[in-house]
Amino acid sequence: MTTSPRIPGRRFLHSPGPTHLPDEVLDAMHRQPMDLADPRLADTIAACEAGLRRLADTEKAELFMYASNGHGAWEVVIENLLPPGSTVLIPGTGHFSDSWALQCEALGRRTIRTPWREGEPINPQDVVDVLRADRERTIVAVFVVHTDTASSVTTELDALRAAIDGADHPALFVVDAVASLGAAPLAMDAQRIDLLVGASQKGLMLPPGLGFVLVGPAAAEVARRNPAPRFYWDWGRRAGKLPYQKFCGTPPLPLLMGMEASLALLFKEGVDVVHARHRLLAGAVHAAVQAWRREGGVDFFCGTASARSVSVTAIKTAAGIDPDAIRSLARERFQVSIAGGLGPLAGRVFRIGHLGDLNAAMLLGALAGVEAAMLSLRVPFGRDGMQQAVDFLARES
Numbered sequence: 201m202t203t204s205p206r207i208p209g210r211r212f213l214h215s216p217g218p219t220h221l222p223d224e225v226l227d228a229m230h231r232q233p234m235d236l237a238d239p240r241l242a243d244t245i246a247a248c249e250a251g252l253r254r255l256a257d258t259e260k261a262e263l264f265m266y267a268s269n270g271h272g273a274w275e276v277v278i279e280n281l282l283p284p285g286s287t288v289l290i291p292g293t294g295h296f297s298d299s300w301a302l303q304c305e306a307l308g309r310r311t312i313r314t315p316w317r318e319g320e321p322i323n324p325q326d327v328v329d330v331l332r333a334d335r336e337r338t339i340v341a342v343f344v345v346h347t348d349t350a351s352s353v354t355t356e357l358d359a360l361r362a363a364i365d366g367a368d369h370p371a372l373f374v375v376d377a378v379a380s381l382g383a384a385p386l387a388m389d390a391q392r393i394d395l396l397v398g399a400s401q402k403g404l405m406l407p408p409g410l411g412f413v414l415v416g417p418a419a420a421e422v423a424r425r426n427p428a429p430r431f432y433w434d435w436g437r438r439a440g441k442l443p444y445q446k447f448c449g450t451p452p453l454p455l456l457m458g459m460e461a462s463l464a465l466l467f468k469e470g471v472d473v474v475h476a477r478h479r480l481l482a483g484a485v486h487a488a489v490q491a492w493r494r495e496g497g498v499d500f501f502c503g504t505a506s507a508r509s510v511s512v513t514a515i516k517t518a519a520g521i522d523p524d525a526i527r528s529l530a531r532e533r534f535q536v537s538i539a540g541g542l543g544p545l546a547g548r549v550f551r552i553g554h555l556g557d558l559n560a561a562m563l564l565g566a567l568a569g570v571e572a573a574m575l576s577l578r579v580p581f582g583r584d585g586m587q588q589a590v591d592f593l594a595r596e597s
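Numbering-wise (my numbering), the sequence shown opens with residue 201 and increments by one.
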């Protein structure tokens, strides 16, 4: 049996999920499990529930957690809010809005999708037009992907809340914040978000496997009236006080212990400081890409600067340049793991994740690895990208 030679040091992880895990989280997850009657387990769950509500800035919403990834949390939303055959509006953001729509349709719900304009955020007027045309008020909810990690585009939520209000429509405002919670500001109550969807593997600095929903009063009432059969995904069955009830079975103890630690880290740093750190690191990446793009080999996928995510940057390559070759070389030779294109962007972009447990030095290492890969592959790019990133960090820090 042959084995690969050991490579010294640590491979940099710069995908938009899973993300780098802090040592404190790893240490917490290494602890032995507790029996389900141990009061320490109830305390850990309570700390996670309080911390997630605090991070989402809500006092009104109920929290329900699931042993699942983000797609499982999507199904929680579908099965609890949408009666079979009912209609949901899903504004186009690319791969992830399409994926959510396909999941709804596979489960017997009808979707209306607004057009996706590549590299652009959701157009609020598209939402207004669809809702105003729904004179029978058949649309139950508007499902919005806040940050689509495939395209790295973030849509401004206040504009979409205003669009629903402007159409004078009772549809629920449901937001997928999987890629933004813990990286960008969210205020669930103030922004009048009826339901917020989250997952563990991005800004919360945990492995995948823990999905959750924060359910406001209007969404809770819609779910209460929904006759759709459901069991494991039914959040009504998770309203008990016992750990076994809250998870419809055995809780994912290591993830909960890790979440308690990760939330403590976020609050110790300060949520506003965390958000500022993400803006800073994203700005450094954007400064580098702005320099790289001058030679025509690569460019921003998101064409609207104000919509570029603080979580991830998608970088498109010119015809004849294989983004997956850049990714492979960056990972295998230079020990920097970045992400590729998904869905319609497969083979067209590579993506640099810059969320979670990261600092400036880690980010500069990632940018250097990407530059080295592009240089090795003779990709034409502006050679002062690293310098522009350093200058940005020195100026803005």
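The beta-carbon is built from N, C-alpha and C at its ideal position, and this holds for glycine as well.
Where residue i falls: helix, strand or coil (DSSP)
{"i": "residue 537", "result": "strand"}
{"i": "residue 440", "result": "coil"}
{"i": "residue 374", "result": "strand"}
{"i": "residue 526", "result": "helix"}
{"i": "residue 505", "result": "helix"}
{"i": "residue 577", "result": "coil"}
{"i": "residue 545", "result": "helix"}
{"i": "residue 592", "result": "helix"}
{"i": "residue 201", "result": "Per-residue confidence for residue 201 stands at a pLDDT of 47, beneath the threshold of 50, marking its modelled position as unreliable; the derived number appears in the next sentence. Residue state, collapsed to three classes: coil."}
{"i": "residue 510", "result": "coil"}
{"i": "residue 316", "result": "coil"}
{"i": "residue 282", "result": "coil"}
{"i": "residue 232", "result": "coil"}
{"i": "residue 298", "result": "helix"}
{"i": "residue 531", "result": "helix"}
{"i": "residue 569", "result": "helix"}
{"i": "residue 322", "result": "coil"}
{"i": "residue 379", "result": "coil"}
{"i": "residue 557", "result": "coil"}
{"i": "residue 384", "result": "coil"}
{"i": "residue 583", "result": "coil"}
{"i": "residue 364", "result": "helix"}
{"i": "residue 483", "result": "helix"}
{"i": "residue 493", "result": "helix"}
{"i": "residue 220", "result": "coil"}
{"i": "residue 477", "result": "helix"}
Expected contact under 8 Å - CB spacing of residue i and residue j to nearest Å
{"i": "residue 342", "j": "residue 289", "result": "5 Å"}
{"i": "residue 409", "j": "residue 452", "result": "6 Å"}
{"i": "residue 530", "j": "residue 484", "result": "That belief does not hold up - the Cβ atoms of residue 530 and residue 484 are roughly 17 Å apart, past 8 Å."}
{"i": "residue 580", "j": "residue 495", "result": "4 Å"}
{"i": "residue 348", "j": "residue 293", "result": "4 Å"}
{"i": "residue 321", "j": "residue 507", "result": "4 Å"}
{"i": "residue 455", "j": "residue 537", "result": "At roughly 22 Å, the Cβ-Cβ gap does not stay under 8 Å, so residue 455 and residue 537 are not in contact."}
Beta-ladder partner(s) of residue i, from DSSP
{"i": "residue 500", "result": "515"}
{"i": "residue 310", "result": "287"}
{"i": "residue 212", "result": "536"}
{"i": "residue 551", "result": "514 and 539"}
{"i": "residue 353", "result": "348 and 508"}
Euclidean distance between Cα positions of residue i and residue j
{"i": "residue 356", "j": "residue 373", "result": "13 Å"}
{"i": "residue 475", "j": "residue 271", "result": "25 Å"}
{"i": "residue 314", "j": "residue 298", "result": "10 Å"}
{"i": "residue 201", "j": "residue 207", "result": "Only weak support is given to the placement of residue 201: the predicted model assigns it a pLDDT of 47, under 50, and the value that follows is read from those uncertain coordinates. Roughly 18 Å between the two C-alpha positions."}
{"i": "residue 279", "j": "residue 376", "result": "15 Å"}
{"i": "residue 235", "j": "residue 416", "result": "32 Å"}
{"i": "residue 351", "j": "residue 585", "result": "21 Å"}
{"i": "residue 310", "j": "residue 304", "result": "7 Å"}
{"i": "residue 361", "j": "residue 392", "result": "7 Å"}
{"i": "residue 380", "j": "residue 255", "result": "11 Å"}
{"i": "residue 395", "j": "residue 414", "result": "6 Å"}
{"i": "residue 565", "j": "residue 492", "result": "16 Å"}
{"i": "residue 541", "j": "residue 237", "result": "45 Å"}
{"i": "residue 358", "j": "residue 443", "result": "36 Å"}
{"i": "residue 318", "j": "residue 367", "result": "25 Å"}
{"i": "residue 489", "j": "residue 551", "result": "11 Å"}
{"i": "residue 439", "j": "residue 562", "result": "41 Å"}
{"i": "residue 593", "j": "residue 481", "result": "8 Å"}
{"i": "residue 370", "j": "residue 338", "result": "10 Å"}
{"i": "residue 418", "j": "residue 336", "result": "19 Å"}
{"i": "residue 534", "j": "residue 569", "result": "5 Å"}
{"i": "residue 243", "j": "residue 433", "result": "24 Å"}
{"i": "residue 246", "j": "residue 239", "result": "11 Å"}
{"i": "residue 427", "j": "residue 344", "result": "24 Å"}
{"i": "residue 227", "j": "residue 462", "result": "11 Å"}
{"i": "residue 269", "j": "residue 407", "result": "10 Å"}
{"i": "residue 248", "j": "residue 259", "result": "15 Å"}
{"i": "residue 334", "j": "residue 300", "result": "21 Å"}
{"i": "residue 205", "j": "residue 528", "result": "18 Å"}
{"i": "residue 486", "j": "residue 577", "result": "22 Å"}
Unbroken beta strand (DSSP E) runs of length 3 or more, entirely within the segment 237 to 278: which are they?
262 to 267
My parser needs the beta strand (DSSP E) runs of 3 or more residues fully inside the segment 388 to 475; what are they?
395 to 399 and 410 to 415
Runs of 3 residues minimum, wholly inside the segment 324 to 349: which ones carry the beta strand (DSSP E) assignment?
339 to 345
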